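K.L.:
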Amino acid sequence: MTAGTGEPDGREWLEANGLGGYAMSTVTGENTRRYHGLLVAATKPPVSRAVLLSKVEETLLVGGRRIDLSTNLFPGTRHPEGFRFLADFRMDPFPTFIWDVEGFVLEKQVFMPHGENAVCVTWRLAKGGNDAGPIGLEVRPLVAFRDFHALTHVNDTLNRRIEIAEGSVAIQPYERLPQLFLGHNGQAEQAGDWYRSFEYEEERARGFDFREDLWHPFSLSFTFEEIPGAARPEAAIIASTSPRSAADIHLLRKSELSRREHLVRRAPGGPSFRKLVLAADQFLVARGNLTTVIAGYPWFSDWGRDTMIALPGLTLATGRPEVAKEILLAFSEHVDQGMLPNRFPEAGEEPEYNAVDATLWYFEAVRQYVETTGDLTLVGDRLFRILADIVAWHERGTRYGIRVSADGLLQWHAAGEALTWMDARIEGRPVTPREGKPVEIQALWFNALRTMSDFASSLGDGDSAKAYAARAERCRTSFLRLFPDETAAGLVDCVDGAWRDRSVRPNQLFAVSLHHSMVPKPLARSVLAIVEEHLLTPYGLRTLSPKDPAYRGRYEGGPVERDAAYHQGTVWPWLLGAYATSFRRVNGDGPKTAKAIRRLLAPLEDFLLGDGLGQLPEIFDGDAPHRPRGCMAQAWSVAEILRVAVDERGRKTRE
């Protein structure tokens with residue numbers, strides 16, 4: 022992948038460590054977000070993330086000359102302009118940068134060992150003239166040592182103590198954060214100055230503070246010696262929160278490559294889904310002794326709704342059912358008043374129970390797990406009682422006025438709240454108020470009741486099976502009376518008393534796509550047609566029809582402007598999964614359907630292999646050219662595309 026030399030390449034790359042920590046920056050090494058850093062450690066995995074090592078400045082030393090390879094933006098200028106020497110960038114197997122400086126080719130590689138708050142960086146002189154004399158490299162670490170939502174500025178409270186030993190340096194600028202160890206195979210020299218006024222373009226565009234000062238505690242120097250008949254040596258550093266030697270890097274690289282190859286081999290799709298499988302792996306992280314899902318990088322933690330929607334694609338479609346089981350059990354331990362937590366806060370406070378749908382997606386995640394594995398024992402021994410209690414709480418009422426109404430549909434009422442996935446708020450007020458009976462909540466409730474009926478029947482509890490089926494039928498009857506939109510086809514988005522919200526949104530699609538659907542085929546065809554006409558784009562579904570006066574086609578500006586657009590037209594890739602499933606349900610099996618779905622997925626797969634650098638973003642603009650926005654890597658975006666792609670591959674194999 023050629024990076025080019027005209028302008029800095031702002032595409033973002035990501036390495037994750039399975040703990041919630043990561044390394045992330047741009048192709049040309051210029052940090053454009055406060056969240057960028059070479060070592061962003063999860064100090065209380067998977068949260069409490071801190072930018073410890075922000076970046077390193079690199080200078081190639083050739084014949085007494087200094088050639089800067091780094092790129093930074095300062096007020097009114099970009100300096101240095103190392104991006105002009107960047108000849109290539111690739112992501113396979115790790116982020117790899119190749120500079121060509123007057124015939125000297127330097128290759129840099131970055132990777133994170135799984136399960137450690139550590140990052141390894143190596144530089145290898147791949148090509149250089151024999152008569153150039155000593156060729157060296159100077160590396161200057163720049164540290165932030167702060168919460169990843171914050172920014173650092175010059176201050177007098179910083180602890181300037183630096184412990185330099187043979188092959189290692191240790192610093193701890195602030196006691197509230199862990200010590201940073203840097204193992205290396207060069208020569209260390211103490212510095213202690215500040216680099217001031219870095220500017221982060223993405224933060225400026227998002228309406229936030231965008232200037233930061235970084236501390237330069239020490240410098241490292243390396244010399245690439247010519248050894249006839251031998252490979253050129255690597256300059257190497259490993260930055261970590263526990264002592265590590267640069268000599269460990271070779272084995273750590275080998276181990277990480279082996280781990281990733283194992284993931285690809287065990288996935289049902291095999292090598293053909295390599296990039297998607299490795300993208301999915303970056304979201305599966307440790308929480309204590311169990312596993313959870315990071316909703317998106319760089320700023321999201323583990324969210325209940327996102328986790329349950331993403332679980333089938335991240336785990337079952339990648340051949341990792343044991344991880345799915347861990348996640349289902351982990352969340353079952355936090356069910357309270359019949360609700361699944363929607364968010365585990367960063368600082369370790371109590372979980373937040375503020376979603377009407379997260380709990381209902383849990384039923385579908387359990388159902389898909391059982392369907393894939395045949396492990397009904399998990400339900401019989403551990404989960405059925407919990408699921409039954411959830412249904413009981415919803416019937417008698419739980420938080421936020423969530424309860425089953427007399428007609429068998431599920432409603433919620435809580436002024437000023439936003440409990441569905443369309444949860445953006447401005448000054449405490451929902452942008453998309455959906456109080457009452459949202460359409461996808463009814464679809465999820467029906468699916469949950471039918472799933473419980475199936476589980477009860479399989480476990481030999483016929484009476485419970487009939488009771489759950491009867492509740493589901495009452496829900497279906499009321500739904501088909503209230504939700505079909507007789508004026509514009511499809512389904513209305515929300516019902517509350519006599520009020521019916523006829524906004525054309527993608528939520529109606531779940532009434533077709535969920536395993537247990539209460540929508541007859543003619544109505545399903547109508548839903549699919551209206552979604553295709555108004556909402557379908559190459560990268561996902563818009564959240565509102567462009568014909569609606571409230572439509573916002575671009576997700577840009579400050580927090581207020583962006584929140585106003587978040588669910589008012591912005592495209593979400595994860596919704597393409599529900600569309601593809603609905604498309605097959607409406608059009609049936611066969612070569613034409615398979616071809617249409619492959620064509621549907623192609624733009625996102627191309628994006629992942631190209632500009633996405635191995636990941637799929639949270640959102641795109643509603644208007645063409647549909648620029649990527651929000652988080653550069655989003656769990657359910659990857660998961661839903663992977664789920665559909667693997668399912669299509671399986672169908673083709675069976676045919």
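Note that my numbering has the sequence shown beginning at 22, numbered continuously upward. Using N, Cα and C, we set each Cβ at its ideal position, and we do this for glycine too. Because the structure is a prediction, the values reported are computed rather than measured.
1) What is the rounded straight-line gap between the Cα of W324 and the Cα of L278?
2) Given this structure, state the Cα-to-Cα distance separating E36 from K616, to the nearest angstrom.
3) CB F352 to CB V400, shorter than 7 Å?
4) If you check the beta carbons only, do L241 and A209 fall under 7 Å apart?
5) Which stretch, first to last residue, makes up the alpha helix (DSSP H) that contains V533?
6) Take the Cβ of A256 as the centre, count every other Cβ of all protein chains shown within 10 Å, and call the residue buried at 16 or more, exposed below.
7) Give the secondary structure of G39 by DSSP, where H, G and I count as helix, E and B as strand, and everything else as coil.
8) Which term fits T262, buried or exposed, when burial requires 16 or more other beta carbons within 10 angstroms of its beta carbon?
9) Using DSSP with H/G/I as helix, E/B as strand and the rest coil, what is G291?
10) Report the option in V142, D177, L621, G429 whose CA atom is closest to the CA atom of V160.
11) Taking the alpha-carbon positions, what's the P333 to V344 distance?
12) To the nearest whole angstrom, what separates the beta carbons of F118 and G149, a pair I think is in contact under 8 Å?
13) What did DSSP end up calling Q130 once you bin it into helix, strand or coil?
14) Which runs of the beta strand (DSSP E) spanning at least 3 residues fall entirely within the region 266-349, listed in chain order?
15) Hey, V140 and A44 are a contact pair by Cβ (cut 8 Å); roughly how many whole angstroms apart?
16) Within its chain, find whatever has a CB closer than 6 Å to the CB of P249; leave out the 5 residues flanking it on each side and keep chain order.
17) Contact check, T92 vs E51 under 8 Å by CB: the rounded distance?
18) Take the Cβ of A251 as the centre, count every other Cβ of all protein chains shown within 10 Å, and call the residue buried at 16 or more, exposed below.
19) Which one or two residues does DSSP pair with F118 in a beta bridge?
20) Smallest Cα separation from D421: which of I258, M443, N375?
21) Here's the rule: buried if 16 or more other CB atoms are within 10 angstroms of the residue's CB, otherwise exposed. What is E507?
22) Is it a yes or a no for the region 415-435 touching the region 576-588, going by three-plus beta-carbon pairs under 8 Å?
23) DSSP state of L565, grouped into three classes?
24) Is the region 76-91 close to the region 193-203, with three or more CB pairs under 8 Å?
25) Would a C-beta distance cut-off of 7 Å place L465 and L404 closer than the cut-off?
26) Can you tell me whether T23 is buried or exposed? The criterion is at least 16 other CB atoms within 10 Å of its CB, across all chains shown.
27) Expressed to the nearest angstrom, what Euclidean distance is found between the alpha-carbon atoms of E354 and D482?
28) Could you pull out every unbroken beta strand (DSSP E) segment of at least 3 residues lying fully inside the region 54-105, listed in chain order?
29) Please confirm if the region 531-542 is in contact with the region 612-627, defined as three or more CB-CB distances below 8 Å between the two stretches.
30) Can you tell me where the beta strand (DSSP E) with H237 in it begins and where it stops?
31) With DSSP as the reference, label Y600 as helix, strand or coil.
32) If you draw a straight line from the C-alpha of L512 to the C-alpha of K458, how long is it?
33) According to DSSP, is F202 part of a helix, a strand, or is it coil?
34) Can you say whether L397 is buried or exposed, counting buried as having 16 or more other CB atoms within 10 angstroms of its CB?
35) Could you have a look at V412 and say whether DSSP puts it in helix, strand or coil?
P.N.:
Taking the definition as stated:
1) Spanning the two alpha carbons is a distance of roughly 29 Å.
2) Whole-angstrom Cα-Cα distance: 33 Å.
3) Between F352 and V400, the CB-CB gap reaches or exceeds 7 Å.
4) Yes; because the gap between Cβ atoms is below 7 Å, this pair is in contact.
5) Residues 531-534.
6) A256 counts as buried, since no fewer than 16 other beta carbons sit within 10 angstroms of its beta carbon.
7) For G39, the secondary structure class from DSSP, reduced to helix, strand or coil, is coil.
8) With 16 or more other Cβ atoms within 10 Å, it is buried.
9) If DSSP states are grouped into helix, strand and coil, G291 belongs with the helices.
10) Nearest of V142, D177, L621, G429 to V160, Cα basis: V142.
11) The straight-line gap from Cα to Cα measures roughly 10 Å.
12) A Cβ-Cβ separation of about 16 Å leaves F118 out of contact with G149 under the 8 Å criterion.
13) Here Q130 sits in strand by DSSP.
14) Fully enclosed beta strand (DSSP E) runs of 3 or longer: 305-308, 311-314.
15) Confirmed, Cβ separation roughly 5 Å.
16) Caution applies to P249, whose pLDDT of 39 falls short of 50 and renders its modelled position unreliable; the model cannot decide the point.
17) Taking C-beta atoms under 8 Å as the contact rule, T92 and E51 qualify, at a distance of about 4 Å.
18) Confidence at A251 is low in this model, with a pLDDT of 40, below 50, so its placement is unreliable and no value can be given for it.
19) Answer is F110, K129.
20) It is Tyr, not Asp, that sits at residue 421 in the sequence shown. In terms of CA proximity to Y421, N375 leads the group I258, M443, N375.
21) By the neighbour-count criterion, in which a residue is buried when 16 or more other Cβ atoms sit within 10 angstroms of its Cβ, E507 is exposed.
22) In short, these stretches do not touch, since the Cβ pair count stays below three.
23) In the structure shown, L565 sits in coil (DSSP, three-state: anything other than H, G, I, E or B).
24) They do not touch, by the three-pair rule.
25) The answer is no: Cβ separation not under 7 Å.
26) Residue placement at T23 cannot be trusted, given a pLDDT of 44 that sits under 50; the coordinates are not used to answer.
27) E354 and D482 have their C-alpha atoms spaced approximately 24 Å apart.
28) Complete beta strand (DSSP E) runs here, min 3: 58-65, 68-83, 86-89, 92-95, 98-102.
29) Output reads no: the region 612-627 does not touch the region 531-542.
30) Unbroken beta strand (DSSP E) run through H237: 232-245.
31) Reduced to three states, the DSSP call for Y600 is helix.
32) Rounded to the nearest angstrom, the two C-alpha atoms are 12 Å apart.
33) Strand at F202.
34) Residue environment: L397 is assigned as exposed (fewer than 16 neighbouring CB atoms within 10 Å of its CB, all protein chains considered).
35) Reduced to three states, the DSSP call for V412 is helix.
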